[in-house]
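Q: Please find one structure pasted underneath; my questions will follow.
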Amino acid sequence: MTFAPEVTSQELGLIAGYVRQLSGIDLDDSKGYLVEGRLGPLLAEMNCSSYLELYQRARADGSGALADRLVDAISTKETSFFRDRTPFELLRMKLLPEYVRRVEESGGLRRLHVWSAASSTGQEAYSIAMLIDECLPHPATWQVGILGTDISEPAVARARAGVYSQQEVTKGLSQDQVRRYFTPHEGGWQVCEELKERTFFRQINLMELPPEWGIFDLVFCRNVAIYFSLENRTRLFDRIADHLRPGGSLIIGSTESLHGISERYRMQRESGATFYQLEAGVVASAK
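Rendered as structure tokens:
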């Protein structure tokens, strides 16, 4: 067994600055254990004798491939289908019915665009797709699009494939949902074509959203901003607000808050769940 060396304070500072520059992820002085645990295997694979050498090689790699792998190793990928049921019940019981009512009363286009901003290997985006299929009246008459994004290209590639192990599908899904939305695939399960047709995935750095990024009715951005500095959190949620339709909703992690971060949203509570709605006429803070 190969043991990774301990990261020095100098190496941690260099890597933290580099990761922040590349992704917005903020590694403070207490995260040495995380760097060792996440980058140790990459260090061994690249035959680097130290984290300093790994950092230097990543900086010198003109293709950016090693930098991408470094960020991929650092970024968190913990996920599961319907992880933390509360926001999904909020969508089922309040947000989706209210959105349908507004569309029907206004005679507007039956269109629903959802963005899963840190979708990892796709379970959150597919969970949203399943819930919408189960709860939306006459779903075939609606234009539904669910976009999942992540900074990790390998995670996005896996999400696009939509193939999961037996253990992954049994964590969070009922037997009925597995039968309805998956087909057997090489000892595991693959998401059915009906869901894949309305669910799209793209590799993106949330700190570098292109100006032409779409407009969404609902955004899930859970448990990613906690890894950003206060400045980058403000930038992130201002940018998300730029891409929310008026009256659109934002769902963040259960331990997160926008207090002191953005005034562009109004906090709402429903049956113990918290979400945020875009405030009309509130402009972005300086970016």
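So the working numbering is basically just the index in the sequence shown, starting at one, shifted up by 33. Glycine included, each C-beta is placed from N, C-alpha and C at the ideal position.
1. DSSP three-state call for Arg92: helix, strand or coil?
2. To which residues of the same chain is Thr112 closer than 7 Å at the C-beta, ignoring the five residues directly before and after it?
3. Does the distance from the C-beta atom of Val196 to that of Arg235 stay below 8 Å?
4. Quick one: Cα of Leu291 to Cα of Ser282, how far?
5. Cutting at 6 Å between CB atoms, please list the residues of its own chain near Arg144, excluding the five before and the five after it.
6. State the Cα-Cα distance for the pair Asp183 and Glu137, rounded to the nearest angstrom.
7. Could you check what DSSP says for Met79 in three-state terms: helix, strand or coil?
8. So, does the stretch 240–259 touch the stretch 211–219, judging by three or more C-beta pairs under 8 Å?
9. In chain order, which continuous runs of the alpha helix (DSSP H) of length 4 or greater are located wholly inside the stretch 273–316?
10. Under the three-state reduction of DSSP, which class applies to Cys254: helix, strand or coil?
11. Under a Cβ-count criterion, where at least 16 other Cβ atoms within 10 Å of its own Cβ denotes burial, should Glu44 be classed as buried or exposed?
12. Roughly how many angstroms separate the alpha carbons of Gln301 and Glu312, rounded to a whole number?
13. State the Cα-Cα distance for the pair Ile161 and Phe121, rounded to the nearest angstrom.
14. When you compare only the Cα positions, how much space is there between Phe308 and Thr288?
15. Under three-state DSSP, which class holds Gly97?
16. Would you kindly work out how many angstroms separate the C-alpha atoms of Ala306 and Ser207, rounded to a whole number?
17. Looking at the unbroken alpha helix (DSSP H) that takes in Val211, where does it start and where does it end?
18. Express the C-alpha separation of Thr109 and Gly178 in angstroms, rounding to a whole number.
19. Can you tell which of Asp209, Lys229, Asp166 and Val211 has the C-alpha that lies nearest to the C-alpha of Leu180?
20. Classify Asp101 as buried or exposed, calling it buried when 16 or more other Cβ atoms lie within 10 Å of its own Cβ.
21. In angstroms, rounded to a whole number, what distance separates the CA positions of His146 and Asp166?
22. Looking at the unbroken beta strand (DSSP E) that takes in Gly46, where does it start and where does it end?
23. In terms of residue numbering, what span does the beta strand (DSSP E) encompassing Arg134 cover?
24. Please work out which residues of its chain come closer than 8 Å, Cβ to Cβ, to Gln310, disregarding the five sequence neighbours upstream and downstream, and give them in chain order.
25. Using a threshold of 8 Å, state whether the C-beta atoms of Glu69 and Val40 are closer than that.
26. Got a sec? Which residues, its chain only, sit under 6 Å from Ser185 by beta carbon, not counting five neighbours each side?
27. Tell me the rounded alpha-carbon separation between Val133 and Leu169.
28. Residues in the same chain with beta-carbon distance under 6 Å from Asn256, minus the five sequence neighbours each way, listed in chain order, please.
29. In whole angstroms, give me the CA-to-CA distance for Ala98 and Ile273.
30. Apply the 10 Å Cβ neighbour rule to Thr119 and answer buried if 16 or more other Cβ atoms are within range, or exposed otherwise.
A: Let me lay it out:
1. helix
2. Excluding its 5 nearest sequence neighbours in each direction, Thr112 has C-beta neighbours in its own chain below 7 Å: Ser153, Thr154, Gln156 and Glu157, listed in chain order.
3. no
4. 13 Å
5. Excluding sequence neighbours, Arg144 sits near Gln176.
6. 33 Å
7. Met79 falls in the coil class under three-state DSSP.
8. no
9. none
10. Three-state result, Cys254: strand.
11. buried
12. 12 Å
13. For the pair Ile161 and Phe121, the Cα-to-Cα distance works out to about 8 Å.
14. 12 Å
15. coil
16. 23 Å
17. For Val211, the uninterrupted alpha helix (DSSP H) segment begins and ends at Gln208 to Tyr214.
18. 25 Å
19. Lys229
20. buried
21. Their backbone Cα atoms lie some 13 Å apart in a straight line.
22. Looking at the DSSP string, Gly46 is not in any beta strand (DSSP E); the run it does join, the alpha helix (DSSP H), is Ser42 to Ser56.
23. Careful: Arg134 lies outside any beta strand (DSSP E), inside the alpha helix (DSSP H) at Leu129 to Ser139.
24. Correct list, in chain order: Gly280, Gly281, Ser282, Leu283, Tyr298, Arg299 and Gln301.
25. yes
26. Asp105 and Ser108
27. 8 Å
28. Gly286
29. Near 28 Å, if we compare the C-alpha coordinates of Ile273 and Ala98.
30. exposed
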